[in-house]
Amino acid sequence: MAQSEINDDTKNTDEPRIGVFICECGVNIGGVIDCHAVADYAGTLPDVIRSSVNKYTCSDSGQSEIKQAIKDNNLNRVLVAACTPKTHEPIFRACVEEAGLNPYLFEFVNIREHCSWIHMQEKEAATEKACELVRMGVSRASKLEPLQSNEVPVTNTALVIGAGVAGMQSALDIADMGYKVYLVEKNPSIGGKMAQLDKTFPTNDCSICILGPKMVEVARNKNIELMTYSEVEEVDGYVGNFKVKVRHKARYVDVNTCTGCGLCVEKCPVEVPNTEFNEGIGTRKAIYVPFPQAVPLRAVIDKSVCIDCGACSRACSSNSIIMEQEDTFSELDIGVIVVTAGFDVYDPEPTHDFGYGLYDNVITGMELERLINASGPTMGKVVRPSDVKPPKKVGFIQCVGSRDKKRNRYCSSFCCMYALKDAQLIREKYPDSEVYIMYMDMRTPFRNYEEFYDRARDMGIRFIRGKPGKVTENEDNGLKVRVEDTLTNDIIDLDLDLLVLSVGAVSSESTERIRQILKVSRAADGFLMEAHPKLKPVDTTLDGIFIGGVSQGPKDIPYSVSQGSACAARATRYLAQGKAITEGITVEVNPDICVACGICVPMCPFQALSIEDGKLNIIKALCKGCGTCAVACPTGALQQNHFRNDQLLAQVKNVFTFEE
Amino acid sequence: MDEMTGENININEQLKEASTNALRCMQCGVCSSSCPSGRHTSLNIRKLVKIAGRSSDILKSDELWMCTTCYNCQERCPRGIDIVDTILKIRSISAYHNIILPEHRAVCQMLLKYGHAVPINDDYKIKRTEMGLEELPETVHKYTDSLNEVKELLTSCGFERFTEDNTDENKTMENTA
Numbered sequence: 000m001a002q003s004e005i006n007d008d009t010k011n012t013d014e015p016r017i018g019v020f021i022c023e024c025g026v027n028i029g030g031v032i033d034c035h036a037v038a039d040y041a042g043t044l045p046d047v048i049r050s051s052v053n054k055y056t057c058s059d060s061g062q063s064e065i066k067q068a069i070k071d072n073n074l075n076r077v078l079v080a081a082c083t084p085k086t087h088e089p090i091f092r093a094c095v096e097e098a099g100l101n102p103y104l105f106e107f108v109n110i111r112e113h114c115s116w117i118h119m120q121e122k123e124a125a126t127e128k129a130c131e132l133v134r135m136g137v138s139r140a141s142k143l144e145p146l147q148s149n150e151v152p153v154t155n156t157a158l159v160i161g162a163g164v165a166g167m168q169s170a171l172d173i174a175d176m177g178y179k180v181y182l183v184e185k186n187p188s189i190g191g192k193m194a195q196l197d198k199t200f201p202t203n204d205c206s207i208c209i210l211g212p213k214m215v216e217v218a219r220n221k222n223i224e225l226m227t228y229s230e231v232e233e234v235d236g237y238v239g240n241f242k243v244k245v246r247h248k249a250r251y252v253d254v255n256t257c258t259g260c261g262l263c264v265e266k267c268p269v270e271v272p273n274t275e276f277n278e279g280i281g282t283r284k285a286i287y288v289p290f291p292q293a294v295p296l297r298a299v300i301d302k303s304v305c306i307d308c309g310a311c312s313r314a315c316s317s318n319s320i321i322m323e324q325e326d327t328f329s330e331l332d333i334g335v336i337v338v339t340a341g342f343d344v345y346d347p348e349p350t351h352d353f354g355y356g357l358y359d360n361v362i363t364g365m366e367l368e369r370l371i372n373a374s375g376p377t378m379g380k381v382v383r384p385s386d387v388k389p390p391k392k393v394g395f396i397q398c399v400g401s402r403d404k405k406r407n408r409y410c411s412s413f414c415c416m417y418a419l420k421d422a423q424l425i426r427e428k429y430p431d432s433e434v435y436i437m438y439m440d441m442r443t444p445f446r447n448y449e450e451f452y453d454r455a456r457d458m459g460i461r462f463i464r465g466k467p468g469k470v471t472e473n474e475d476n477g478l479k480v481r482v483e484d485t486l487t488n489d490i491i492d493l494d495l496d497l498l499v500l501s502v503g504a505v506s507s508e509s510t511e512r513i514r515q516i517l518k519v520s521r522a523a524d525g526f527l528m529e530a531h532p533k534l535k536p537v538d539t540t541l542d543g544i545f546i547g548g549v550s551q552g553p554k555d556i557p558y559s560v561s562q563g564s565a566c567a568a569r570a571t572r573y574l575a576q577g578k579a580i581t582e583g584i585t586v587e588v589n590p591d592i593c594v595a596c597g598i599c600v601p602m603c604p605f606q607a608l609s610i611e612d613g614k615l616n617i618i619k620a621l622c623k624g625c626g627t628c629a630v631a632c633p634t635g636a637l638q639q640n641h642f643r644n645d646q647l648l649a650q651v652k653n654v655f656t657f658e659e
Numbered sequence: 000m001d002e003m004t005g006e007n008i009n010i011n012e013q014l015k016e017a018s019t020n021a022l023r024c025m026q027c028g029v030c031s032s033s034c035p036s037g038r039h040t041s042l043n044i045r046k047l048v049k050i051a052g053r054s055s056d057i058l059k060s061d062e063l064w065m066c067t068t069c070y071n072c073q074e075r076c077p078r079g080i081d082i083v084d085t086i087l088k089i090r091s092i093s094a095y096h097n098i099i100l101p102e103h104r105a106v107c108q109m110l111l112k113y114g115h116a117v118p119i120n121d122d123y124k125i126k127r128t129e130m131g132l133e134e135l136p137e138t139v140h141k142y143t144d145s146l147n148e149v150k151e152l153l154t155s156c157g158f159e160r161f162t163e164d165n166t167d168e169n170k171t172m173e174n175t176a
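So the sequence lines, in the order shown, correspond to chains A and B.
Under numbering that gives the first Met the number 0, the residue at position 536 of the first sequence is numbered 535, and the numbers go up by one with no gaps.
Under numbering that gives the first Met the number 0, the residue at position 27 of the second sequence is numbered 26, and the numbers go up by one with no gaps.
The structure is reproduced here in structure tokens:
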């Protein structure tokens, strides 16, 4: 590991000379706290050489003032009392570094979130508290010491986990920038959920017609190594230097010689429900090709139902059936990782939402997609499951599994649009049909979506503003839906032939599995957690790991594709630079005190610690400076740089002042 | 009447406090389409949730008393609003301020008179004697001493006020009814 010393200025460790800068942040702080009084008070504190107030310390003029003050007053510590370190600490660290100081000799005190915003009604007390916070900060600042960031080399390969539309986009973008990409997909074909859809909103163009060419592009791209029917098993290492173990599940078919002709499928005597691609509607054989446009177009044997009769083997003209095939493994050296592991469709079966699972003619939106799809089990004919006849009256219920405290609180964001799309398709295919959409709020933001909603109204689709309270089955397997039209206050008993539940998205099991392997955070809704909801939407708190598509939260195709590209752009920054700067705030062990008890080792969330040859070993590049191990250390041998005991105690001691 | 003005302010505050969780309502209509009472009466529970806590007008609405407290709506509410519990709280406030329906008063009078909300009627008395039973069953109704004790208990709680209609609200309500 190469270490570059960013700054080594001995004057930093001389007697502390602290400059204090109080930010008014417009009226955010200045409107509540008397900043000048705080600056005056700071000027009386030990080691403080100068103090001043800025309208906006983070502005160009504010930063220039800091740099000038460092030069003029020979400052060796800088304290800014302003907003949150989360957004502004990097700016000020860079600022003091430009003036020749080690960036870790900067101390940040938050008098906005921690003071002015929460004490808006108590101005005097807020000013007093700001003085106290600054006093504590000054005490700590005088104990700060310079730290060095580490530079680690980056392997110029990327791993993309999940080959839905987001992952494919990400892989293509990284590959086109000239880097090697391993694209791992757990299913036998790439394409994800989009491959199952019939048409796509807001243009109603055929989903597989626009996705198919992209799938082929992925397979053809020389920089992409496609690993289908494969799963990531283990990930070790850190940014730029990940070691990844991938399991390639046995297909029992030689992918190099199989042509996907389907002769084997014809001869196979075992038929089971097609749950993988057709949502359980219709059947597939024990040996099957996932779907006509699959990439790679290769057969796969489902060993859990195969009866080993050998019919496929006899039918295959290229001798591609290998019954004794076993799982194989690859070990990959990876620089950056993109997670686009997708989602599951909400399952209304366990709770029998609106009679789903009890009545044959209640289906989900995804099941309707397969029914209406020309390459689906009914060749695009929409039929009632009970009698296989086309329905005359079709109803959609919106927000099934979403916007409900007892299920999922969030809005799944794409269900309004897909219901509008499917309703239009039904009206187009069957002009005599009546289509109802029962909704609470129709949400159609983004380009051409509102126009799409308009089109649905023009096509005679009927909208009822209300969520049904009751669904019962009639004698003819039709359904009676009781719903209030809340705009007219009428309680309506609606007779329908087919009821479609517009189900939303939930975080998938495979996303959760990958999350646990990578130690990425998860939000309360189960989806992966981004580093910042606005400014770092595809980053994670782990360097070199990025998240995109619906694994990060419900979103539609255009948004997923954008995130795929965003992940690629964020990830390739490391590949282009060939190096990564890791956190300077890491844990330090005092080998004289450490007894190698190992208590700290399992505490580390990042696997940075290990006991080797009776000694504690710290991989600095893995350490994120969280401090968990230092707290657990029974002998005090572990000290977290920048938050050492003496630094924190200096701060704590100065919480209270005692007048003599 | 001065006291009543004070009471009114009190009512609004009490109603507001009782129905804070109804503020979460997004008017989806699951409650109203789940309501068995609403099928046969003028009750629209969604509208009650909408006006709950807004003004004391809710106390004047007959619909406040039409809920059968079956809890269908509360069980299904996607916003997790304690609809029925809120209705019960509002009813308590209403009763506290002596704003109840004439039918409720009749029941209160019965309770004070016989110790039963629904006392035995003449038909049953005749039937009982025909079957060789005593006219009255073994309840407080039969024993004057016990009945007096019940009456004393109720009177000491100020129960008598429910039998008298002396509020403006109720007069208005009866006039419009």
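Glycine residues also receive a C-beta, built at the ideal position from the N, C-alpha and C atoms.
Which listed residue (the options) has its alpha carbon closest to that of residue i
{"i": "B/CYS72", "options": "B/CYS30, B/ASP164, B/ASP144, B/LYS49", "result": "B/CYS30"}
{"i": "B/GLU16", "options": "B/VAL139, B/LYS88, B/PRO101, B/ASP122", "result": "B/LYS88"}
{"i": "A/VAL159", "options": "A/GLU433, A/VAL183, A/VAL137, A/GLY236", "result": "A/VAL183"}
{"i": "A/ASP59", "options": "A/LEU74, A/CYS94, A/SER50", "result": "A/CYS94"}
{"i": "A/ALA129", "options": "A/ILE110, A/LEU146, A/SER138, A/PRO145", "result": "A/ILE110"}
{"i": "B/THR68", "options": "B/ARG53, B/THR85, B/SER54, B/ASN20", "result": "B/THR85"}
{"i": "A/PHE605", "options": "A/CYS593, A/LEU621, A/CYS308", "result": "A/LEU621"}
{"i": "B/PRO77", "options": "A/TYR40, A/LYS405, A/TYR178", "result": "A/LYS405"}
{"i": "A/HIS247", "options": "A/GLU233, A/CYS257, A/PHE241", "result": "A/GLU233"}
{"i": "A/ALA418", "options": "A/ASP538, A/LYS380, A/TYR429, A/VAL399", "result": "A/VAL399"}
{"i": "A/THR56", "options": "A/ASP46, A/ALA80, A/CYS114", "result": "A/ALA80"}
{"i": "A/GLU472", "options": "A/ALA422, A/ASN360, A/GLY583", "result": "A/ASN360"}
{"i": "A/GLU323", "options": "A/ILE48, A/ALA249, A/LEU478", "result": "A/ALA249"}
Residues near residue i in its chain [Cβ-Cβ closer than 6 Å; skip 5 each side]
{"i": "A/ARG283", "result": "ASN273"}
{"i": "A/HIS531", "result": "none"}
{"i": "B/ASN9", "result": "none"}
{"i": "A/SER660", "result": "One cannot answer for residue 660 of chain A here, as it falls past the ends of chain A, which runs 0 to 659."}
{"i": "A/GLY552", "result": "PHE526"}
{"i": "B/CYS164", "result": "The question names Cys, yet the displayed sequence has Asp at residue 164 of chain B. Nothing listed; no residue qualifies."}
Residue i versus residue j - alpha carbon distance
{"i": "B/LEU58", "j": "A/LEU486", "result": "24 Å"}
{"i": "A/ASP524", "j": "B/PRO101", "result": "50 Å"}
{"i": "A/SER303", "j": "A/ARG369", "result": "24 Å"}
{"i": "A/CYS596", "j": "A/VAL519", "result": "28 Å"}
{"i": "A/ARG464", "j": "A/MET437", "result": "6 Å"}
{"i": "A/ALA38", "j": "A/GLY29", "result": "12 Å"}
{"i": "A/GLY354", "j": "B/ARG23", "result": "27 Å"}
{"i": "A/VAL440", "j": "A/GLN397", "result": "The residue asked about is misnamed: residue 440 of chain A is Asp in this sequence, not Val. Roughly 9 Å separates the two Cα atoms."}
{"i": "B/ARG53", "j": "B/LEU14", "result": "8 Å"}
{"i": "B/TYR113", "j": "A/SER385", "result": "60 Å"}
{"i": "A/TYR287", "j": "A/LEU497", "result": "30 Å"}
{"i": "A/ASP46", "j": "A/ARG16", "result": "5 Å"}
Own chain, CB closer than 7 Å to residue i, minus 5 neighbours either side, in chain order
{"i": "A/ASP484", "result": "ILE463, ARG464, GLY465, ILE491"}
{"i": "B/THR162", "result": "ARG104, CYS107, GLN108, LEU111"}
{"i": "B/GLY37", "result": "SER31, ASN43, ILE44"}
{"i": "A/PRO633", "result": "CYS596, ILE598"}
Open item on the list: As an exercise, report each continuous alpha helix (DSSP H) stretch of at least 4 residues that is fully enclosed by the stretch 112-189 of chain A, in chain order.
Closed with: 122-140, 164-175
TODO: For the stretch 334-349 of chain A and the stretch 527-547 of chain A, state whether three or more C-beta atom pairs, one from each stretch, are separated by less than 8 Å.
DONE: yes
Open item on the list: Just to confirm the assignment: which complete beta strand (DSSP E) runs, minimum length 3, are found wholly within the stretch 28-104 of chain A?
Closed with: 47-53, 76-81
Task: Continuous beta strand (DSSP E) assignments of at least 3 residues falling wholly in the stretch 288-351 of chain A - done: Runs found: 327-333, 335-338, 342-344.
TODO: Determine, using beta-carbon pairs with one atom in the stretch 563-573 of chain A and one in the stretch 345-360 of chain A, whether at least three such pairs fall under 8 Å.
DONE: no
Open item on the list: Three or more C-beta pairs under 8 Å: does that hold for the stretch 209-223 of chain A against the stretch 306-315 of chain A?
Closed with: no
Task: alpha helix (DSSP H) runs wholly inside the stretch 558-600 of chain A, at least 4 long, in chain order - done: none
Open item on the list: Across the stretch 183-194 of chain A and the stretch 288-301 of chain A, are there enough close Cβ pairs to call them in contact, namely three or more that are closer than 8 Å?
Closed with: yes
Open item on the list: Could you check whether the stretch 132-147 of chain A touches the stretch 611-620 of chain A, counting it as contact only if at least three pairs of C-beta atoms, one from each stretch, sit closer than 8 Å?
Closed with: no
TODO: Take every Cβ of the stretch 263-272 of chain A, pair it with every Cβ of the stretch 173-180 of chain A, and state whether three or more of those distances are shorter than 8 Å.
DONE: With the cut-off at 8 Å, the stretch 263-272 of chain A and the stretch 173-180 of chain A do not touch.
Task: Contact residues within the stretch 503-533 of chain A, judged by C-beta distance below 9 Å to chain D - done: The question asks about chain D, but that chain is absent: this structure's protein chains are A and B.
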